[in-house]
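Have a look at the structure below, then the notes.
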Amino acid sequence: MSAREDLLELARRSESGSAAAPDPRWAALTVDEERARKAAVLMLFGALDDVPATSGKPLAPADLDVLLLERAHTLGSHPGQVAFPGGSIDANETAVQAALREAVEETGLESDGVEVLGTLQQLGLAHSNFLVTPVLGWWRSPSPVRVVDYAESSQVFRIPVRDLLDPDNRVMATVHRAGRTFDSPAFTVNGVVVWGFTGIVLSGLFDQLGWSVPWDRNRLHPMGV
Numbered sequence: 314m315s316a317r318e319d320l321l322e323l324a325r326r327s328e329s330g331s332a333a334a335p336d337p338r339w340a341a342l343t344v345d346e347e348r349a350r351k352a353a354v355l356m357l358f359g360a361l362d363d364v365p366a367t368s369g370k371p372l373a374p375a376d377l378d379v380l381l382l383e384r385a386h387t388l389g390s391h392p393g394q395v396a397f398p399g400g401s402i403d404a405n406e407t408a409v410q411a412a413l414r415e416a417v418e419e420t421g422l423e424s425d426g427v428e429v430l431g432t433l434q435q436l437g438l439a440h441s442n443f444l445v446t447p448v449l450g451w452w453r454s455p456s457p458v459r460v461v462d463y464a465e466s467s468q469v470f471r472i473p474v475r476d477l478l479d480p481d482n483r484v485m486a487t488v489h490r491a492g493r494t495f496d497s498p499a500f501t502v503n504g505v506v507v508w509g510f511t512g513i514v515l516s517g518l519f520d521q522l523g524w525s526v527p528w529d530r531n532r533l534h535p536m537g538v
């Protein structure tokens, strides 16, 4: 199957409740649903822009990428972290509508060019008490992306999936808080580290799609947060 067909099939399995999450960190992303705020993110895949993949390993189609952004370093919540476009779901708004609206506001993309493939299971972002619905999308007609508001984002970029899957770019991000150490799957690509919620979600997604290849989970990358 093509990458688009793999993503579409995963969305179908997720919405039917038959998609298993092999990484326990994915299952651990839970919050109190009655108290949590609702949010949505757009996981937008498609044909690569004019920045080629660095990895030459045939781990994914050479022209496949995913849209990400780096949050502004001045933000009070998750400053400087790489994330999917997204945000809170407004009243009388669906998760799909919210994900597309936020993506337009944050990256300037044209929503008419996005094919929504479906949604994945809701995941909890405990630090900020959000219950997040990932929305899977495909670039039907790619449009330029950019930072719309530098108070919110420092950069917007499309990362080749092949680079994300390359074992040389996979690490375990480690964070020390209150005398405890937390680790999670992460990716070191294009001068940024994709870790935390986004790293866990991407890693779990690749596992469920069957795209992941073995990598060294003992290679630690301390995060200075």
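The numbering used here applies: residue 314 is where the sequence shown begins, and numbers increase by one. Note that CB positions come from ideal geometry on N, CA and C, so glycine has one too.
Cβ-Cβ separation between Ala353 and Thr446: approximately 5 Å, consistent with a contact (criterion under 8 Å). For the options Asn405, Ser454, Leu477 and Ser441, the alpha carbon positioned closest to that of Leu372 is the one of Leu477. In the assembly as shown, Asn405 is an exposed residue. Its beta-carbon has fewer than 16 other beta-carbons within 10 Å. About 12 Å separates the beta carbons of Phe510 and Leu381, which is beyond the 8 Å limit, so they are not a contact pair.
Closest in alpha carbon position to Leu430, among Lys370, Ala412 and Thr420, is Ala412. Counted as a single uninterrupted DSSP element, the beta strand (DSSP E) harbouring Thr501 occupies residues Arg493 to Val502.
Its chain contains Ala316 and Val474 as the residues whose beta carbon lies nearer than 6 Å to that of Leu377, once the 5 sequence neighbours on both sides are disregarded; these appear in chain order.
Under the three-state reduction of DSSP output, Gln410 falls in the helix class. Here Arg350 carries a strand assignment [DSSP, helix/strand/coil]. Judged by DSSP secondary structure, Gly400 falls within the beta strand (DSSP E) whose first and last residues are Gly399 to Ser401.
The residues Gly426, Val427 and Glu428, in chain order, have a CB closer than 7 Å to that of Arg453 in the same chain once the five nearest residues on each side in sequence are set aside. Taken atom to atom, the span from the alpha-carbon of Glu322 to that of Trp451 is near 13 Å. A Cβ-Cβ separation of about 17 Å leaves Thr432 out of contact with Glu318 under the 8 Å criterion. One alpha carbon belongs to Glu465, the other to Ser401, and they sit about 14 Å apart. Remark: C-beta atoms of Leu518 and Ala324 do not approach each other more closely than 8 Å.
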